[in-house]
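Participant: Please read through the structure below; I'll follow up with questions.
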Amino acid sequence: MKKIMLVLCVCLMFLGSTGCEKVGFKEGTYSGSAIDNYGGEENTATAKIVINNEGKIESVYLDTTYKGTTKKTLGYDYKMKEYYPAAVGEWFEQVEKLEAAIVENQGTKFLSLDSEGKTDAVSGCTIEITALIKAVDNALEQAK
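The numbers in the sequence shown follow this note's numbering, run straight up by one, and end at 145.
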């Protein structure tokens, strides 16, 4: 009986300790970038990812260079809705939804892109996101 109890205790200790293992990413702030050729212009998509002390994605900041500034800096002055009335929101509004979805899903694996580089996986984000996702993946690769 004592041997069975000893074996049981050892097994419980082993199972209990496996939950303490740190899973995810290394704590820190990571940056990634990718070239964005969408629209016939060469811009740079950037990602800044913050990983907390639990190894989880805490925040994501995405942006893309555009005519000497960035699309997020331009905000409403980027005028996506003016030029594309069917757009569900301005560029920065759509990217904010993508950022939140990446945090919620702890990465980009949940995303599947169609032939135009768009996804149905993020409600309210209908823009082409190929370069943004590459930038995120580049940053997360550093956090492994």
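The beta carbon of each residue, even a glycine, is placed where N, CA and C say it ideally should be. Quantities reported herein were computed from a predicted structural model and do not represent experimental measurements.
I need the boundaries of the alpha helix (DSSP H) containing N106, first residue and last residue.
Facilitator: To locate residue 106, count along the sequence shown from 1; it is residue 105. Residues 92 to 106.
Participant: Pick out whichever of V104, S113, E117 has its Cα sitting closest to the Cα of K49.
Facilitator: Counting from one through the sequence shown, the residue named residue 49 turns up at place 48. K49 has its Cα closest to that of V104, out of V104, S113, E117.
Participant: Who are the Cβ neighbours of T131 in its own chain at under 7 Å, not counting the five residues just before and after it?
Facilitator: The residue labelled residue 131 in the question sits at position 130 within the sequence shown. Only L114, G118 meet the Cβ criterion.
Participant: Going along the chain, which residues of its own chain have a beta-carbon closer than 6 Å to the beta-carbon of S32, five neighbours each way excluded?
Facilitator: Here residue 32 refers to the residue found at position 31 of the sequence shown. Answer for S32: K49, A140, listed in chain order.
Participant: Taking the Cβ atom as the reference point for each residue, do L112 and A101 lie within a distance shorter than 7 Å?
Facilitator: Locating residue 112 in the sequence shown gives position 111, where the first residue counts as 1. Locating residue 101 in the sequence shown gives position 100, where the first residue counts as 1. Cβ atoms of L112 and A101: not closer than 7 Å.
Participant: Identify, in the order they occur along the chain, each residue of the same chain with its Cβ nearer than 8 Å to the Cβ of D138, setting aside the five sequence neighbours on each side.
Facilitator: Sequence index remark: in the sequence shown, residue 138 carries index 137 (1-based). Answer for D138: G33, T109, listed in chain order.
Participant: Measure the C-alpha to C-alpha separation of K27 and V51 and round it to an integer number of angstroms.
Facilitator: Here residue 27 is taken as the residue at index 26 of the sequence shown, counted from 1. Here residue 51 is taken as the residue at index 50 of the sequence shown, counted from 1. C-alpha separation (whole angstroms): 10 Å.
Participant: Of all Cβ atoms in chain C, is any one closer than 7 Å to the Cβ of G33?
Facilitator: In the structure shown, chain C cannot be found, because there is only a single protein chain.
Participant: For the beta strand (DSSP E) that N44 lies in, which residues bound it at each end?
Facilitator: In the sequence shown, counting from the first residue as 1, residue 44 sits at position 43. 44 to 52 is the extent of the beta strand (DSSP E) around N44.
Participant: If we ignore side chains and look at the alpha-carbon of each, how far apart do T70 and F93 end up?
Facilitator: In the sequence shown, counting from the first residue as 1, residue 70 sits at position 69. In the sequence shown, counting from the first residue as 1, residue 93 sits at position 92. Their backbone Cα atoms lie some 14 Å apart in a straight line.
Participant: By the 10 Å Cβ neighbour count, where 16 or more other Cβ atoms means buried, how is E142 classified, buried or exposed?
Facilitator: Counting from 1 along the sequence shown, the entry for residue 142 is found at position 141. Counting Cβ neighbours within 10 Å, E142 comes out exposed, since fewer than 16 surround it.
Participant: Decide if K145 is buried, meaning its Cβ has at least 16 other Cβ atoms within 10 Å, or exposed.
Facilitator: The residue you call residue 145 lines up with position 144 of the sequence shown. K145 is exposed by the Cβ-count criterion.
Participant: Less than 7 Å separating the beta-carbons of D37 and T65?
Facilitator: The residue given as residue 37 occupies position 36 in the sequence shown. The residue given as residue 65 occupies position 64 in the sequence shown. Cβ distance < 7 Å, so D37 and T65 count as in contact.
Participant: Looking only at DSSP bridge pairs, what is L133 linked to?
Facilitator: Numbered from its first residue, the sequence shown carries residue 133 at position 132. None, per the DSSP bridge assignment.
Participant: Distance check for V96 and E22, CA to CA, integer angstroms please.
Facilitator: Along the sequence shown, one-based indexing puts residue 22 at 21. Along the sequence shown, one-based indexing puts residue 96 at 95. The predicted position of E22 is uncertain, since its pLDDT is 44 and thus under 50; no value can be drawn from it.
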